[in-house]
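What follows is a short report on a single structure.
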Amino acid sequence: MSLELVCPAGSLPALKTALDNGADCVYVGLKGNTNARAFSGLNFDVQGLIEAARLVHARKRKIFVALNTYPQATNLTEWNKAVDSASEAGVDAVILADMGLMRYASRNHPELRLHLSVQGSATNYEAINFYREHFDIKRAVLPRVLSLQQVENVVGNTSVEIELFGFGGLCVMVEGRCLLSSYVTGESPNTAGVCSPARAVRWQKTANGLETRLNGVLLDCYADGENAGYPTLCKGRFEVGGETYYAIEEPTSLNTIELIPEMARMGISAVKIEGRQRSPAYVGQVTKTWRSAIDAFHGGRRSDPAWMSALSKLAEGQHHTLGAYHRPWK
Amino acid sequence: MKPLARLISLLPAYPPSLAFAGVLDLVLGNIARENSMAPLIGKTVRINVLDMGLELNIRVDRKGFSPAGSYASPDLSISADVQDFLLLASRREDPDTLFFSRRLLVEGDTELGLAAKNTLDAMEMPKISFPSPARVLSALLKPLH
Numbered sequence: 001m002s003l004e005l006v007c008p009a010g011s012l013p014a015l016k017t018a019l020d021n022g023a024d025c026v027y028v029g030l031k032g033n034t035n036a037r038a039f040s041g042l043n044f045d046v047q048g049l050i051e052a053a054r055l056v057h058a059r060k061r062k063i064f065v066a067l068n069t070y071p072q073a074t075n076l077t078e079w080n081k082a083v084d085s086a087s088e089a090g091v092d093a094v095i096l097a098d099m100g101l102m103r104y105a106s107r108n109h110p111e112l113r114l115h116l117s118v119q120g121s122a123t124n125y126e127a128i129n130f131y132r133e134h135f136d137i138k139r140a141v142l143p144r145v146l147s148l149q150q151v152e153n154v155v156g157n158t159s160v161e162i163e164l165f166g167f168g169g170l171c172v173m174v175e176g177r178c179l180l181s182s183y184v185t186g187e188s189p190n191t192a193g194v195c196s197p198a199r200a201v202r203w204q205k206t207a208n209g210l211e212t213r214l215n216g217v218l219l220d221c222y223a224d225g226e227n228a229g230y231p232t233l234c235k236g237r238f239e240v241g242g243e244t245y246y247a248i249e250e251p252t253s254l255n256t257i258e259l260i261p262e263m264a265r266m267g268i269s270a271v272k273i274e275g276r277q278r279s280p281a282y283v284g285q286v287t288k289t290w291r292s293a294i295d296a297f298h299g300g301r302r303s304d305p306a307w308m309s310a311l312s313k314l315a316e317g318q319h320h321t322l323g324a325y326h327r328p329w330k
Numbered sequence: 001m002k003p004l005a006r007l008i009s010l011l012p013a014y015p016p017s018l019a020f021a022g023v024l025d026l027v028l029g030n031i032a033r034e035n036s037m038a039p040l041i042g043k044t045v046r047i048n049v050l051d052m053g054l055e056l057n058i059r060v061d062r063k064g065f066s067p068a069g070s071y072a073s074p075d076l077s078i079s080a081d082v083q084d085f086l087l088l089a090s091r092r093e094d095p096d097t098l099f100f101s102r103r104l105l106v107e108g109d110t111e112l113g114l115a116a117k118n119t120l121d122a123m124e125m126p127k128i129s130f131p132s133p134a135r136v137l138s139a140l141l142k143p144l145h
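Just so you know, the protein sequences line up as chains A and B, in that order.
The C-terminal residue of the first sequence carries number 330 in our numbering, and the numbering is unbroken.
The C-terminal residue of the second sequence carries number 145 in our numbering, and the numbering is unbroken.
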């Protein structure tokens, strides 16, 4: 079975670009805080989602809707309504993290296919099988904290399809359980839908360099010519033990293009490209590169060094890594 | 030289912000008037074309785009070289990519910048009316009348 290529779309032009460049599936979010890319001006309203689903299906591809933040007691209705809207639009799956929302979806829309979001933080097969037994999930997206050996262990012990992140933002925490940003902004991505709310972000050029602040807290100061990253706490430079450095993770993107043969051998079902917050140009370039790489692998052709350079340019800090997947000492 | 770059190179002969606002209004004015740019209404945006030493101050309101005085402290300031502005405008490059490589700088109200970027990204290209050269020229010459 061919690895399915799942690409991000924050807007209709990005969605069309993904389809034009060979995405098998696109994933989108609705406006509001029901998904983990809740940025101003991004995402689809209900009418836009209906239009998007029609367009994707006309081209015989699939569309998933991420509803992967955690509703609170005061706003549960909004999340439930979002599930209803996705179902009515006829999407191919919803990507959920919250158990309550899964229960709502499986009871009210039994025909709707459920995927467990990376935000669900399921890192072992027992957790994934629990979701399958109770809510009949068909696929799980694994957090970017497992080594390939650990991934293989999961795949070997569940009938649930496994989707892995292939390229883009590298989250070093167990997604869905990260409260780091709420430490300085009072909002966590799990409930508010973004790691760093844009209103709390300030960039300023000073005599020292380009300063990045989050809610007034200095995260980093880039010297001239030094590559920059997203304004998140986990990728900030801090003084620890008298030394100032990237104490948690440096600005970098995950890039697993060289692992395609490994992923196929293990029985991974799909590869996910991160980046609904990015522009159509990014979606087009990444989708095109991954489409070529997957097709080359299935066609028995060699890898092309041009893929790496195309992806490096788009990476955070212009730097990429295999992240936790690569643990050679194991 | 690309047509837009050629136009921009003509700008110093005229009050640049006034002329740039005229061209922006031709291309995106309807969108501003349709209220698709709600977060930007009443805000001033400074565009710094670094390699040309150009500073363009634009105000967005419900009537469209108009020039703002250079003394005004803008709500949002966007700096890049002319080539990179062209790559962004033609959707050939992603702003985050340019930011990571330090070719694009956004200062001031970050949320405003993000809202503007996402609003422009979400527009279907045919909705953006690309004016004829004659209309661009008349917009550029308007300050002289």
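Idealized CB from N, CA, C, for every residue including glycine.
This structure is a prediction, so every number in the text was calculated from the model and none was measured.
Using the Cα positions of residue i and residue j, report the straight-line distance between them to the nearest angstrom.
i: B:Leu114; j: A:Ser279; result: 11 angstroms
i: B:Arg59; j: B:Ser17; result: 10 angstroms
i: B:Leu76; j: B:Asp109; result: 5 angstroms
i: B:Met1; j: B:Asp84; result: Because the pLDDT of B:Met1 is 49, which lies under 50, any placement of that residue in the model is unreliable, and the number read from its coordinates should be weighed accordingly. When rounded, the distance between both Cα atoms is 14 angstroms.
i: A:Val160; j: A:Ala200; result: 39 angstroms
i: B:Glu93; j: B:Ser101; result: 12 angstroms
i: B:Glu124; j: A:Tyr245; result: 43 angstroms
i: B:Ala13; j: B:Pro133; result: Since pLDDT at B:Ala13 reaches only 40, below the 50 mark, its modelled position is unreliable, and the value read off the structure follows with that caveat. Approximately 18 angstroms between the Cα atoms of the pair.
i: A:Thr212; j: A:Leu170; result: 19 angstroms
i: A:Met173; j: A:Val145; result: 7 angstroms
i: A:Arg139; j: A:Ala58; result: 24 angstroms
i: A:Pro305; j: A:Glu258; result: 10 angstroms
i: A:Gly168; j: A:Gly209; result: 26 angstroms
i: B:Ala38; j: B:Thr119; result: 10 angstroms
i: A:Ser23; j: B:Ala68; result: First, the residue type needs correcting, since residue 23 of chain A is Ala and not Ser in the sequence shown. Spanning the two alpha carbons is a distance of roughly 44 angstroms.
i: B:Ala80; j: A:Pro8; result: 27 angstroms
i: B:His145; j: B:Thr97; result: With a pLDDT of only 49 at B:His145, under 50, the local geometry of the prediction cannot be trusted, and the value read off the model is given with reservation. Cα-Cα distance, rounded: 41 angstroms.
i: B:Pro15; j: B:Ser138; result: 14 angstroms
i: B:Ser36; j: A:Ser303; result: 44 angstroms
i: A:Asn157; j: A:Asn215; result: 44 angstroms
i: A:Leu3; j: A:Leu164; result: 10 angstroms
i: B:Thr19; j: B:Val27; result: At residue 19 of chain B the sequence reads Ala, which differs from the Thr that was named. Approximately 13 angstroms between the Cα atoms of the pair.
i: A:Leu322; j: B:Ala72; result: 47 angstroms
i: A:Tyr183; j: A:Ala198; result: 16 angstroms
i: A:Ile137; j: A:Ala66; result: 14 angstroms
i: B:Ala89; j: A:Pro143; result: 35 angstroms
i: A:Cys25; j: A:Lys60; result: 10 angstroms
i: B:Asp51; j: A:Asn108; result: 58 angstroms
Are the beta-carbon atoms of residue i and residue j separated by less than 9 angstroms?
i: A:Ser253; j: A:His326; result: no
i: A:Leu5; j: A:Trp290; result: yes
i: B:Val49; j: B:Val82; result: yes
i: A:Leu314; j: A:Val271; result: no
i: A:Trp203; j: B:Glu107; result: yes
i: A:Leu346; j: A:Pro71; result: As shown, chain A starts at 1 and ends at 330. That puts residue 346 of chain A outside it, with no answer to give.
i: A:Ser332; j: A:Asn43; result: Since the first and last residues shown for chain A are 1 and 330, residue 332 of chain A lies out of range.
i: A:Leu112; j: A:Glu262; result: no
i: A:Leu15; j: A:Val56; result: yes
i: A:Ala105; j: A:Phe64; result: no
i: A:Val118; j: A:Gly176; result: yes
i: A:Ala335; j: A:Gly236; result: This structure does not reach residue 335 of chain A, given that chain A is present from 1 up to 330, and the question cannot be answered.
i: A:Ala293; j: A:Ile260; result: yes
i: A:Asn129; j: A:Arg276; result: no
i: A:Gly166; j: A:Ile273; result: yes
Give the C-beta separation of residue i and residue j to the nearest angstrom, bearing in mind that I take them to be a contact with Cβ-Cβ under 8 angstroms.
i: A:Leu233; j: A:Leu180; result: 5 angstroms
i: A:Val154; j: A:Tyr125; result: 5 angstroms
i: A:Ala53; j: A:Val91; result: 5 angstroms
i: B:Ala116; j: B:Leu54; result: Not confirmed; about 19 angstroms, so no contact.
i: B:Ser25; j: B:Phe65; result: A small correction: the amino acid at residue 25 of chain B is Asp; Ser does not occupy that position in the sequence shown. Confirmed, about 4 angstroms.
i: A:Ser309; j: A:Gln318; result: Between A:Gln318 and A:Ser309 the Cβ distance is about 11 angstroms, and since that is not below 8 angstroms, they are no contact.
Using a Cβ-based criterion (distance less than 8 angstroms to any ligand heavy atom), does residue i qualify as near the ligand SAM?
i: B:Glu93; result: With respect to small molecules bound, the structure shown includes none, and the ligand SAM cannot be examined in it.
* Proximal residues, the segment 44-63 of chain B versus chain A, C-beta separation under 9 angstroms -> Residues: none.
* the segment 281-291 of chain A in contact with the segment 186-194 of chain A per 3-pair CB rule at 8 angstroms -> No, the segment 281-291 of chain A does not touch the segment 186-194 of chain A.
* Residues in the segment 87-102 of chain B with C-beta within 7 angstroms of chain A's C-beta atoms, listed in sequence order? -> For the segment 87-102 of chain B, the residues whose beta carbon sits under 7 angstroms from a beta carbon of chain A are, in order, Arg91, Arg92, Glu93, Asp94, Pro95, Asp96, Thr97, Phe99, Phe100, Ser101 and Arg102.
* contact_flag[the segment 28-39 of chain A, the segment 289-305 of chain A] where n(CB pairs < 8 angstroms) is 3 or more -> With a cut-off of 8 angstroms on Cβ pairs, the segment 28-39 of chain A is not in contact with the segment 289-305 of chain A, counting fewer than three such pairs.
* Near-chain B residues of the segment 274-301 of chain A - C-beta to any C-beta below 9 angstroms -> Here the close residues are Gly275, Gln277, Arg278, Ser279, Pro280, Ala281, Tyr282, Val283, Gly284 and Gln285.
* To do: Could you tell me whether the segment 216-233 of chain A touches the segment 249-263 of chain A, where touching means 3 or more Cβ pairs closer than 8 angstroms?
  => Yes, the segment 216-233 of chain A is in contact with the segment 249-263 of chain A.
* **the segment 35-51 of chain A contacting the segment 70-79 of chain A, beta-carbon criterion three pairs below 8 angstroms** => The answer is no - the segment 70-79 of chain A does not touch the segment 35-51 of chain A, with fewer than three Cβ pairs under 8 angstroms.
* Asked: Just by C-beta distance, which residues in the segment 2-23 of chain A are closer than 8 angstroms to chain B?
  -> Residues are counted here when their Cβ sits less than 8 angstroms from a Cβ of chain B; for the segment 2-23 of chain A these are Gly10, Ser11, Leu12, Pro13 and Ala14, given in chain order.
* Asked: When Cβ atoms are compared, which residues of the segment 100-120 of chain B fall closer than 9 angstroms to chain A?
  -> Under the 9 angstroms Cβ criterion, the segment 100-120 of chain B contributes Phe100, Ser101, Arg102, Leu105, Val106, Glu107, Gly108, Asp109, Thr110, Glu111, Leu112, Gly113, Leu114, Ala115, Ala116, Lys117, Asn118, Thr119 and Leu120.
* **Contact list for the segment 175-209 of chain A against chain B, Cβ threshold 7 angstroms** => Taking a C-beta cut-off of 7 angstroms against chain B, the contacting residues of the segment 175-209 of chain A are Ala198, Arg199, Val201, Arg202, Trp203, Gln204 and Lys205, listed in chain order.
* To do: Give the residues from the segment 304-322 of chain A that approach chain B closer than 8 angstroms (Cβ to any Cβ), ordered along the chain.
  => Answer set for the segment 304-322 of chain A: Lys313, Leu314, Ala315, Glu316, Gly317 and Gln318.
* Against chain A: residues of the segment 64-76 of chain B by CB proximity under 9 angstroms -> Within the segment 64-76 of chain B, no residue has a Cβ that lies closer than 9 angstroms to any Cβ of chain A.
* **Cβ-based contacts, 9 angstroms cut-off: residues of the segment 211-228 of chain A near chain B** => Closer than 9 angstroms at the C-beta level to chain B, one finds these residues of the segment 211-228 of chain A: Tyr222, Asp224, Gly225, Glu226, Asn227 and Ala228.
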